[in-house]
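Chemist:
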Ligand code: MLT
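Numbering (the numbering used here), first residue to last: 599 to 857.
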C-alpha cells in the first residue's frame, strides 16, 4: 500500500489485529522486507505496520537531508492517515533514531517503544566525517559504495550478508545520501530517555559490529520502564539472525502495553 504523506509517497504494509499496533522501522539502507519472515512465522496475529522510510524500498526518494525529525513526522502523518492514535514504535538502528525522535516530538502518540540494535547518542566528529566521505563515494560510485562497506558488518552469516548487499544496491542513492546526512546531524537524545514513561524494550546483539552492546545496556538503565535483552547469537540484524527471540520480546512488549 502507498499513501502520500508530507508530499512523499510512502509504502507500507498493515497487518490487522486487536489492540495497539506495533510499528516496525527498518535501519539505514534496508526496507520493510527485513521483517517479513519474522512477522509471518512468529507474529501472525499482532497488529503491525511496517513501512519503507522515505528514500528506501518502494517509498519515494526526495532531495535533501532526511532529518530524524522529518522521518518521525512522516510516521506520524502515516499513523494519522490510518486513524491510529497511539502506537508501539519499534526501530532498528536508524529506525531507532527515528523512534526516539518520534518519542520526543509526539509523546502522546507513543504507547510503547522498541529500540533494536540502536543508540541514543549523536555521532562523534569522526563518525560524522565518515558519513560525509561516504556521501561523496555514493556520488561517484552509486549505492554499491554503501553495499560494499556496510553489508559485511551487518552479520557473520554469509547468506544474510549477500542478501543485504543486494538490498543495499537496490536502494536509491538519493535515499542513502539523505539518510546519511540526517544521521550525521541528528541530536543526542540520551537526556530524553529518563522522561520516556512507556514500556520499552532495548535489544542488543553480542556480535553486533555497528552498535555498541554496552551502550544499549546503559540506555535501558536510563529508561524508567526499560527492559534489556542481550542476544548472544545475533549481530546487527536480529530480525534475520534470531527472529524467534526478537519476536518474543516484541510480543511481551505488546502484552505489557495492552494490559
Ligand atoms: C543502520 O543500520 O541503520 C546504520 O548502520 C546506523 C548508523 O550508521 O548509525
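Note that the Cβ used here is the ideal one computed from N, Cα and C, for glycine as well.
Cβ of residue 775 within 8 Å of Cβ of residue 733?
Modeler: Residue mapping note: residue 775 aligns to position 177 of the chain shown, counting from 1. Residue mapping note: residue 733 aligns to position 135 of the chain shown, counting from 1. A contact, by the Cβ cut-off of 8 Å.
Chemist: Does the distance from the CB of residue 863 to the CB of residue 608 come in under 8 Å?
Modeler: Residue 863 cannot be examined here, being either before or after the span of the chain that is shown, 599 to 857.
Chemist: Determine the direct distance from the alpha carbon of residue 767 to that of residue 806, and round the result to whole angstroms.
Modeler: Taking the first residue of the chain shown as position 1, residue 806 is located at position 208. Taking the first residue of the chain shown as position 1, residue 767 is located at position 169. When rounded, the distance between both Cα atoms is 22 Å.
Chemist: Could you pull out every residue in the same chain whose Cβ sits closer than 6 Å to the Cβ of residue 773, ignoring the five residues on either side in sequence?
Modeler: On the chain shown, residue 773 is found 175 positions in, with the first residue counted as 1. Same-chain partners within the cutoff: 653, 654 and 659.
Chemist: Measuring alpha carbon to alpha carbon, tell me which residue in 831, 626 and 820 is nearest residue 763.
Modeler: What you label residue 763 is simply residue 165 of the chain shown in a count that begins at 1. That would be 626, whose Cα lies nearest to the Cα of residue 763.
Chemist: Since residue 702 is in the alpha helix (DSSP H), which residue starts that stretch and which ends it?
Modeler: Translated into positions along the chain shown, residue 702 becomes position 104. Residues 692-703.
Chemist: When DSSP builds the beta bridges, which residues end up paired with residue 600?
Modeler: As a position in the chain shown, residue 600 is number 2, starting the count at 1. DSSP, once it has assigned bridges, lists 609 as partnering residue 600.
Chemist: Quick one: is residue 662 buried, meaning 16 or more other Cβ sit within 10 Å of its Cβ, or exposed?
Modeler: Position 64 of the chain shown, counted from the start, is the residue given in the question as residue 662. Exposed is the call here.
Chemist: Please list, in chain order, all residues of the same chain as residue 558 whose beta carbon is under 8 Å from its beta carbon, the five residues on each side excluded.
Modeler: For residue 558 there is no data in the structure shown, the boundaries of the chain being 599 and 857.
Chemist: Skipping 5 residues on each side, what residues in its chain have a beta carbon closer than 6 Å to that of residue 737?
Modeler: Counting from 1 along the chain shown, the entry for residue 737 is found at position 139. So the list is empty, once near-sequence residues are dropped.
Chemist: Just to confirm the assignment: which complete beta strand (DSSP E) runs, minimum length 3, are found wholly within the region 783-825?
Modeler: Fully enclosed beta strand (DSSP E) runs of 3 or longer: 798-803.
Chemist: Using DSSP's beta-bridge definition, name the partner residues of residue 685.
Modeler: Taking the chain shown and counting its residues from 1, the one referred to as residue 685 is at position 87. Looking at the DSSP assignment, residue 685 forms a beta bridge with 708.
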